[in-house]
Amino acid sequence: TRLRCDWSSDVCSSDLDKRADVVDTRTILAAGMTKRSEMELYGLLSHVDMRVRSEAQYALADRGDAGLATFKKALAEGEGFARYHGIWGLWQLMLAGEIDGEVIVPYLSDSDSAIRAQAARVLMEAENDEGHDELIAMLSDVEARPRFFAATALVRHGQISRKAEAALIKMIEENADSDP
């Protein structure tokens, strides 16, 4: 008998292949994503298995405006994983030149600190200075992770405005060497 392990849940069993979630994931991945509707793919952005979520995200990124609308929907209406994949999908579209960083800027002030952080992370790779003032404002975010990505995004391109420089120095001084 061959023993299979699901390391994400520390489950090892010869019956792992029969578990409902394993069968579901295998079925979804085997069917592929190309024939699925945007609504189906939107639903899969919340799937428990990261491979399914990622495949759905990549499929949506290949659909141009329909994918863009679905990623925005995930950010506006989704929860948890769907929101992460929404911002990462926008990142894909930005890197492909289908959108510019301005589409990401509103998410720098999202109520979820994880989304704010990811939006700043995405803007590190923007072609221009999209979100410059918003990134400066994020340097005083209550959460450390958004501050980190905002600071990194501001210095990423090697040219720091005087306004950003002053805000970065202030953030460092206020941090007082107290990294979490």
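For the sequence shown, the numbering used here assigns the number 165 to the initial residue and increments by one for each residue that follows.
Glycine is no exception: its CB is placed at the ideal position from the N, C-alpha and C atoms.
Between the alpha carbons of G250 and V186 lies a distance of about 24 Å. Rounded to the nearest angstrom, the Cβ distance from L287 to I263 is 12 Å, too far for a contact under 8 Å. A246 is positioned such that its CB atom lies no closer than 7 Å to that of S218. If you draw a straight line from the Cα of A223 to the Cα of A308, it comes to about 33 Å. With fewer than 16 other beta carbons inside 10 angstroms of its own, M203 counts as exposed. For R326, the number of other beta carbons within 10 angstroms of its own is below 16, and it is reported as exposed. Burial state of L193 is exposed, judged by a 10 Å Cβ sphere holding fewer than 16 other Cβ atoms. Taken through DSSP and simplified to helix, strand or coil, L332 comes out as helix. If you draw a straight line from the Cα of V216 to the Cα of L208, it is about 7 Å long. Judged by beta-carbon spacing, F235 lies within the 7 Å limit of L254, meaning their Cβ atoms are closer than that value. The criterion of a C-beta distance shorter than 7 Å is satisfied by L205 and A220.
L318 is the residue among A290, E289, L318 and E291 whose C-alpha sits nearest the C-alpha of A301. Looking only at Y248, R311 and D297, the smallest Cα-Cα distance to I336 is reached by R311. By the neighbour-count definition (other C-beta atoms within 10 Å, threshold 16), I333 is an exposed residue. Residue range M214 to A225 is occupied by the alpha helix (DSSP H) that includes R215.
Distance from the Cα of G242 is smallest, within the candidate group D276, E266, A230 and L299, for D276.
The closest CA to that of A314, considering only E329, A281 and G244, is found on A281. Taking 7 Å as the cut-off, the Cβ atoms of E298 and L272 count as close.
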